[in-house]
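Shown next, in structure tokens, is the structure this report addresses.
Protein chains: 2
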Amino acid sequence: MDIQYTILGLLNAQPLSGYDLKKIIADSDLFYWSGNNNQIYHSLVNLHKQGLVSVETFQQENLPPRKLYSITPAGEMELRQWLLSDPVLPEIRDPFLIQLAWADQLHGDELDALLARYAEELEMQVRMLGQRRLNPWYRPARTKRETLLWSRIEERLQERYQQELDWVNRLRNEILKNP
Amino acid sequence: MDIQYTILGLLNAQPLSGYDLKKIIADSDLFYWSGNNNQIYHSLVNLHKQGLVSVETFQQENLPPRKLYSITPAGEMELRQWLLSDPVLPEIRDPFLIQLAWADQLHGDELDALLARYAEELEMQVRMLGQRRLNPWYRPARTKRETLLWSRIEERLQERYQQELDWVNRLRNEILKNP
DNA sequence: CTTGTCATGTAAGAGGTTACATGATTCG
DNA sequence: CGAATCATGTAACCTCTTACATGACAAG
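These protein sequence lines are chains C and Z, in that order. Residue numbers 1 to 179, in my numbering, belong to the letters of the first sequence in order. Residue numbers 1001 to 1179, in my numbering, belong to the letters of the second sequence in order.
What follows is the structure, encoded as structure tokens:
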């Protein structure tokens, strides 16, 4: 349940409501979940049961009460333990590679069109991530080191798609030369 | 349900049993599922209901009957349609980047140890994938072009982790210089 | 004498997604 | 007048995982 640690990390910077968390996660490229209510509200209930977060409820006129969650000392310890835990390798699910694996069934022009469309999708993604880096709307910068880390993380998220694009372009050239 | 198309692709090369499919998928890096029975046997029943595969049952002494699945003409058409369908971007889930995102909580030595352990994991993965490429146990090579495609796909699977490793090493150096 | 292979299948549960439900307010 | 924002929460469903169940035979 990595989303629990994501939430703890976010609350470690500042108290937030479920609604705040949902927006941050839904709009983030790093936090790769959809940011759906089900998961977030359920996680918050769980974290509260475990005593890792505390809640304050603020009544509002004409709006449901706002529940502001804060990390507890126990939550801080739990987060720190996770930060020191064994790194996990990235999990990459790429249905396109599977498509390519069977793509020898296609004619030359169909295959090239497929690769071209994939390259186009990747270019769009690279551009989009570049735009978001210019205009981020969640990026903690409490220390110089944190600023450096976030900068390199955001760069990496974009670079991955760029490297994928470089690979497709190399492959396209090679296939054009060996018809 | 990409696993259905994975199975159709495998059956398009040769008839296979559920057990065969399970082994191929479980041992593959490209086909990223665990290869569990539940999914595979259930997918085969589904494909059969849709008329995309046919079954022949062979009775065996002292063993459960072996069900050999083959792709049907309808299945071939369905596979071809999928091959021509819109490419989907890879989905990368990297809990380590999230760990890093909050890692400014750690001391300098703890952070470097974390990065070092991640680098070590990546190196192991790169080595493992290199070994498997030398000694693959599923790799269709019906045409020159298919051989080329599979070669580039397998290279890419390894290269991704290599590029991840390069990035971590760059980051480690940078952090050592800016303490 | 335990582990692995062959070969089918079921069960339980974690994790994640989209859509629904409510209801006032504000902006274009 | 419709859509977005604020703010909580529920329901249904899909995907995927681990573990269980059966049962023979072969190899270390």
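The beta-carbon is built from N, C-alpha and C at its ideal position, and this holds for glycine as well. Treat the numbers as computed from the prediction; the structure is a model and nothing was measured.
Short CB-CB distance (under 8 Å) between THR137(C) and chain Z: Walking along the first sequence from the start, residue 137(C) turns up at place 137. Per the sequence shown, the amino acid found at residue 137(C) is Trp instead of Thr. Judged by the 8 Å Cβ criterion, TRP137(C) is not in contact with chain Z.
Contact set for PRO136(C): own chain, Cβ-Cβ below 8 Å, skip 5 residues either direction: Taking the first sequence and counting its residues from 1, the one referred to as residue 136(C) is at position 136. Excluding residues within five positions, the ones whose Cβ falls inside 8 Å are GLU154.
Which value, in whole angstroms, describes the spacing of the CA atoms of PRO1090(Z) and GLU1076(Z)? Counting from 1 along the second sequence, the entry for residue 1090(Z) is found at position 90. Counting from 1 along the second sequence, the entry for residue 1076(Z) is found at position 76. Rounded to whole angstroms, PRO1090(Z) to GLU1076(Z) spans 25 Å at the Cα level.
Per DSSP, what are the beta-bridge partners of SER54(C) in this structure? As a first step, residue 54(C) is located in the first sequence; it is residue number 54 there, counting from the start. For SER54(C), which the question treats as bridged, DSSP gives the partners SER70(C).
Helix, strand or coil for SER17(C) per DSSP? Counting from 1 along the first sequence, the entry for residue 17(C) is found at position 17. The answer is strand: DSSP assigns SER17(C) an E or B state.
If I follow the unbroken beta strand (DSSP E) through GLU1061(Z), where does it start and stop? Here residue 1061(Z) refers to the residue found at position 61 of the second sequence. Element bounds for GLU1061(Z): n/a, residue is neither H nor E.
Use the C-beta contact count for PHE1096(Z): other C-beta atoms within 10 angstroms, 16 or more gives buried, fewer gives exposed. On the second sequence, residue 1096(Z) is found 96 positions in, with the first residue counted as 1. So PHE1096(Z) counts as buried.
For GLU120(C), which option in ASN169(C), ASP27(C) and LEU11(C) has the closest C-alpha, if you only look at C-alpha atoms? For the purposes of this step, residue 120(C) is taken as the residue at position 120 of the first sequence. The shortest C-alpha separation from GLU120(C) is found at ASN169(C).
Anticipated Cβ contact below 8 Å, LEU1115(Z) with LEU1171(Z), distance rounded: For this step, residue 1115(Z) is matched to residue 115 along the second sequence. For this step, residue 1171(Z) is matched to residue 171 along the second sequence. Their Cβ separation, rounded to whole angstroms, is 7 Å, which keeps LEU1115(Z) and LEU1171(Z) in contact under 8 Å.
Just checking: is the beta-carbon of ASN1046(Z) within a distance shorter than 8 Å of some beta-carbon in chain C? Taking the second sequence and counting its residues from 1, the one referred to as residue 1046(Z) is at position 46. It does not; no Cβ of chain C falls within 8 Å.
Could you check whether ALA1101(Z) and TRP150(C) sit closer than 8 Å to each other, using their CB atoms as the reference points? For the purposes of this step, residue 150(C) is taken as residue 150 along the first sequence, with counting starting at 1. For the purposes of this step, residue 1101(Z) is taken as residue 101 along the second sequence, with counting starting at 1. Yes, the pair counts as a contact, with Cβ atoms nearer than the cut-off.
Thinking C-beta only, is ILE1007(Z) closer than 8 Å to LEU1021(Z)? Taking the second sequence and counting its residues from 1, the one referred to as residue 1021(Z) is at position 21. Taking the second sequence and counting its residues from 1, the one referred to as residue 1007(Z) is at position 7. Yes, the Cβ-Cβ distance between LEU1021(Z) and ILE1007(Z) is below 8 Å.
Could you give the residue range of the alpha helix (DSSP H) that holds ARG160(C)? One-based indexing of the first sequence puts residue 160(C) at position 160. ARG160(C) -> alpha helix (DSSP H) spans 144-177.
Kindly list the residues whose CB is nearer than 8 Å to the CB of ASN1012(Z), restricted to its own chain and excluding five residues on each side of it in sequence; keep chain order. Taking the first residue of the second sequence as 1, we reach residue 1012(Z) at position 12. Same-chain partners within the cutoff: ILE1071, GLY1075, GLU1076 and LEU1079.
Based on the DSSP secondary-structure assignment, which residues constitute the bridge partners of LEU1132(Z)? As a working note, residue 1132(Z) is residue 132 in the second sequence. The residue you asked about is not Leu; residue 1132(Z) is Arg in the sequence shown. Bridge partners of ARG1132(Z): none, in fact.
Could you please tell me which residues of the region 64-75 of chain C, in chain order, have their CB closer than 9 Å to any CB of chain Z? none
State yes or no: is the beta carbon of GLY9(C) nearer than 8 Å to at least one beta carbon in chain Z? The residue you call residue 9(C) lines up with position 9 of the first sequence. Cβ-Cβ to chain Z under 8 Å: yes for GLY9(C).
Looking only at DSSP bridge pairs, what is ILE25(C) linked to? Counting from one through the first sequence, the residue named residue 25(C) turns up at place 25. None, per the DSSP bridge assignment.
How should VAL1045(Z) be labelled, buried or exposed, when 16 other C-beta atoms within 10 angstroms of its C-beta is the threshold for buried? Taking the second sequence and counting its residues from 1, the one referred to as residue 1045(Z) is at position 45. The residue is exposed, with fewer than 16 neighbouring Cβ atoms inside 10 Å.
ARG139(C), DSSP secondary structure in three states: For the purposes of this step, residue 139(C) is taken as residue 139 along the first sequence, with counting starting at 1. It is coil, neither helix nor strand.
Comparing C-alpha positions only, which one of ASP1027(Z), GLN1014(Z), ASN1037(Z) and LEU1083(Z) sits nearest to TYR1069(Z)? If you number the second sequence from 1, residue 1069(Z) lands on position 69. Checked all of ASP1027(Z), GLN1014(Z), ASN1037(Z) and LEU1083(Z); the closest Cα to TYR1069(Z) is GLN1014(Z).
Express the C-alpha separation of LEU1129(Z) and LYS1144(Z) in angstroms, rounding to a whole number. For the purposes of this step, residue 1144(Z) is identified with residue 144 of the second sequence, where counting begins at 1. For the purposes of this step, residue 1129(Z) is identified with residue 129 of the second sequence, where counting begins at 1. Looking at the two C-alpha atoms, the distance is approximately 23 Å.
Beta-bridge pairing of ARG93(C) - partner residues as DSSP gives them: By 1-based counting over the first sequence, the position of residue 93(C) is 93. In the DSSP output, where bridge partners are listed per residue, ARG93(C) has GLU1091(Z).
Can you tell which of GLN1004(Z), THR1147(Z), GLU1174(Z) and LEU1176(Z) has its C-alpha closest to the C-alpha of GLY1051(Z)? To locate residue 1051(Z), count along the second sequence from 1; it is residue 51. Checking every option, the nearest Cα to that of GLY1051(Z) belongs to GLN1004(Z).
Classify ALA103(C) as buried or exposed, calling it buried when 16 or more other Cβ atoms lie within 10 Å of its own Cβ. Sequence index remark: in the first sequence, residue 103(C) carries index 103 (1-based). Buried.
Can a CB atom of chain C be found closer than 8 Å to the CB of ASP1094(Z)? The count along the second sequence starts at 1 and reaches residue 1094(Z) at position 94. So yes, ASP1094(Z) belongs to the interface.
Where the alpha helix (DSSP H) through GLN39(C) begins and ends: As a first step, residue 39(C) must be located in the first sequence, where it is residue number 39. GLN39(C) -> alpha helix (DSSP H) spans 37-49.
Contact criterion: CB-CB distance below 8 Å. Does ALA1026(Z) meet it with respect to chain C? Here residue 1026(Z) corresponds to residue number 26 of the second sequence, with the count starting at 1. With 8 Å as the cut-off, ALA1026(Z) does not count as an interface residue toward chain C.
My output table needs one value for ASP1109(Z): the three-state DSSP class, helix, strand or coil. Sequence index remark: in the second sequence, residue 1109(Z) carries index 109 (1-based). In the structure shown, ASP1109(Z) sits in a helix (DSSP, three-state: H, G or I).
Taking Cβ to Cβ, would you say LYS1067(Z) is nearer than 8 Å to SER1017(Z)? Start at 1 with the first residue of the second sequence, and residue 1067(Z) comes out as number 67. Start at 1 with the first residue of the second sequence, and residue 1017(Z) comes out as number 17. Closer than 8 Å, so yes.
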